[in-house]
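All residue numbers for the sequence shown refer to the UniProt record's numbering, where the first residue is 1 and numbers rise by one.
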Amino acid sequence: MAIDLLRLPTDSIVRPDKDRFLNEENPFEAMMSRFDRAAELLDLEPGIYKILRNPEKQLIVSVPVMMDNGDVEVFTGYRVLYNTSRGPAKGGIRFDLNVTLEEVKALAAWMTWKCAVVNLPFGGAKGGVICDPLSMSVGELERVTRRYTKGIISLLGPDTDVPAPDVNTNERVMAWLMDTYSMHVGRTENAVTTGKPVEMGGSLGRKEATGRGCMLVTKEALTHLGMDLNGATIAVQGFGNVGSIAARLMAQQGAKVIGISDRAGAFYNAKGIDIDAAIKHVQQHRSLEGFTGGDAIDAEELLTLEVDVLVPAALENVITTKNAPRIRAKVICEGANGPTTAAADPILDEKGIFVIPDILANAGGVTVSYFEWVQDRMGYFWSEAIVNERLGDIMTRSFGDVLQLSKQHRVNMRTAAYMLSISRVATVHRLRGIYA
Ligand SMILES: NC(=O)C1=CN([C@@H]2O[C@H](COP(=O)(O)OP(=O)(O)OC[C@H]3O[C@@H](n4cnc5c(N)ncnc54)[C@H](OP(=O)(O)O)[C@@H]3O)[C@@H](O)[C@H]2O)C=CC1
Ligand SMILES: O=C(O)CCC(=O)C(=O)O
Numbered sequence: 001m002a003i004d005l006l007r008l009p010t011d012s013i014v015r016p017d018k019d020r021f022l023n024e025e026n027p028f029e030a031m032m033s034r035f036d037r038a039a040e041l042l043d044l045e046p047g048i049y050k051i052l053r054n055p056e057k058q059l060i061v062s063v064p065v066m067m068d069n070g071d072v073e074v075f076t077g078y079r080v081l082y083n084t085s086r087g088p089a090k091g092g093i094r095f096d097l098n099v100t101l102e103e104v105k106a107l108a109a110w111m112t113w114k115c116a117v118v119n120l121p122f123g124g125a126k127g128g129v130i131c132d133p134l135s136m137s138v139g140e141l142e143r144v145t146r147r148y149t150k151g152i153i154s155l156l157g158p159d160t161d162v163p164a165p166d167v168n169t170n171e172r173v174m175a176w177l178m179d180t181y182s183m184h185v186g187r188t189e190n191a192v193t194t195g196k197p198v199e200m201g202g203s204l205g206r207k208e209a210t211g212r213g214c215m216l217v218t219k220e221a222l223t224h225l226g227m228d229l230n231g232a233t234i235a236v237q238g239f240g241n242v243g244s245i246a247a248r249l250m251a252q253q254g255a256k257v258i259g260i261s262d263r264a265g266a267f268y269n270a271k272g273i274d275i276d277a278a279i280k281h282v283q284q285h286r287s288l289e290g291f292t293g294g295d296a297i298d299a300e301e302l303l304t305l306e307v308d309v310l311v312p313a314a315l316e317n318v319i320t321t322k323n324a325p326r327i328r329a330k331v332i333c334e335g336a337n338g339p340t341t342a343a344a345d346p347i348l349d350e351k352g353i354f355v356i357p358d359i360l361a362n363a364g365g366v367t368v369s370y371f372e373w374v375q376d377r378m379g380y381f382w383s384e385a386i387v388n389e390r391l392g393d394i395m396t397r398s399f400g401d402v403l404q405l406s407k408q409h410r411v412n413m414r415t416a417a418y419m420l421s422i423s424r425v426a427t428v429h430r431l432r433g434i435y436a
């Protein structure tokens, strides 16, 4: 994969001052330090460097909601559009008590690089509401969703900003968002969001897409390393949409998933966990609590199990300078966004661990979101076989592009993925002349 070297003349080579960051676990810092490294290797001109270090739009909204007990609560919501040079902003919405603006900015930037690494005609965005969805009734969740949607409605639209599910949101939340937007514009507009129920314009295969993408790139990585997914041992942190589906699809390929976890606990079974039984348990009990298909182990121990592949598929900052020296996996497939801190990267490199970076590993979700948006706009829907075939093509080709670049520049897969995506976004800025 040749980097497009189309460049405009540069007036200065002085880099702007670096931001002052808080600590290893600031997700925006984690994103920015990888960005800086790739920008330096690409010799990115200062104008575009400055543009790409700043989000285009950051919206903070108050979300007043009548709770079931009659009290009014006011939640805080965010939507950040990081960069839209390549197309409408795209990215999920999370409901979580730990949501911060720094986190949403980082996640929006990662969406920008992710869409570019798999070459989708989208920019990047992310949204979040600080709330505890697990303690809320369905009615309260619906009111939070609708009021938050109203708060950010000036950004939304099939041509401007297209949300999707993320942590603690799902197709039901997307249905409420689509309905609120449709009432606002006075017509049914299903392309305003993706990850919807199939009955109202969702795509077949979207629910499984992120986990499927993880399985596909893991297979590619193992082949590259002379190994095979069939028979490989796997540990998966996080057993929600991404983690459970990745585990199930890897097991279907003959892998042995020996460790799984969610917030309720971690479980180990040397013979291989019955993933269908674990998924059924979570459907019935909402979490892995009480799961009997494995021995309970320490949550931290799961990350340091001796396995062929570790799949962190929960949240940011779980692989840090503290535990990276003890990680024994040969491959890490980053199902979550930002699971590894920037400071932990060199430790993993030194240990020879092959990391499939988040912006590539979990790009299957947004790829099928793209397919959903295309199908909604065409009003013509594809079979699941076609969706999966096209997803397979994109994930395999993108893995190959990043691998080739990593060999060419003798950098790890993360730096190569950032180089590829930043060069694609920068090329569009140059062609559009935005920075002139
Ligand atoms: N959904 C998608 O299509 C995509 C998601 N991602 C990323 O993947 C990650 C997971 O998202 P998704 O699966 O959708 O989210 P879900 O809400 O469906 O699942 C999150 C899972 O992580 C678990 N979890 C949370 N905290 C911990 C912890 N400290 N230790 C172990 N497990 C934990 C949750 O457990 P519990 O249920 O007990 O709370 C749950 O099992 C996020 O980083 C997200 O941004 C990336 C690309 C696309
Ligand atoms: O499907 C999408 O549009 C985005 C999913 C997402 O939020 C992500 O990839 O992190």
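Idealized CB from N, CA, C, for every residue including glycine.
Problem - C-alpha gap between SER135 and GLY151, whole angstroms - result: 23 Å
Problem - Complete beta strand (DSSP E) runs within the stretch 71-119 (minimum length 3 residues, chain order) - result: 72-83, 89-95
Problem - SER295, enclosing alpha helix (DSSP H) - first and last residue - result: The question names Ser, but residue 295 in the sequence shown is Asp. Careful: ASP295 lies outside any alpha helix (DSSP H), inside the beta strand (DSSP E) at 295-297.
Handout entry: Nearest-angstrom beta carbon gap, VAL63 and VAL129 [assumed within contact, 8 Å]
Key = 6 Å
Exercise for the section: Taking only heavy atoms of ligand 2 into account, decide whether any of them is closer than 7 Å to the Cβ of THR194. Expected result: yes
Handout entry: Under 8 Å between C-beta atoms of LEU391 and ARG212
Key = yes
Practice task
Take ASP132 as the anchor and find which of GLU25, ASP96, PHE371 has the nearest alpha-carbon.
Solution key: ASP96
Practice task
Quickly, what does DSSP pair ILE260 with across the bridge? List them, please.
Solution key: VAL236, PHE267
Practice task
Have a look at THR341, ILE422, ASP68 and flag the residue whose alpha-carbon is nearest the alpha-carbon of GLY124.
Solution key: ILE422
Exercise for the section: Compute the distance between the beta-carbons of GLY243 and GLN252, then report whether it is under 8 Å. Expected result: no
Practice task
Answer yes or no: the CB of ARG377 versus the heavy atoms of ligand 1, is any distance below 7 Å?
Solution key: no
Exercise for the section: For ARG147, count neighbouring C-beta atoms within 10 Å of its own C-beta (all shown protein chains included) and say buried if the count is 16 or more, exposed if not. Expected result: buried
Exercise for the section: May I ask you to list the residues that DSSP assigns as paired with GLY123? Expected result: ALA89
Exercise for the section: Pull up the distance between the alpha-carbon of THR169 and that of GLN283, whole angstroms please. Expected result: 16 Å
Problem - ARG15, DSSP secondary structure in three states - result: Residue placement at ARG15 is flagged as unreliable, the pLDDT there being 42, under the threshold of 50; the coordinate-derived value follows with that caveat. Note: ARG15 maps to coil in three-state DSSP.
Exercise for the section: Report yes or no: do three or more beta-carbon pairs, one from the stretch 361-373 and one from the stretch 423-433, lie closer than 8 Å? Expected result: no
Handout entry: LEU305 beta carbon less than 8 Å from that of ILE260
Key = no
Practice task
Give every residue of the same chain whose Cβ lies closer than 6 Å to the Cβ of ALA417, excluding the five residues on either side of it in the sequence, and list them in chain order.
Solution key: VAL117, PRO357, ILE359, LEU360, VAL402
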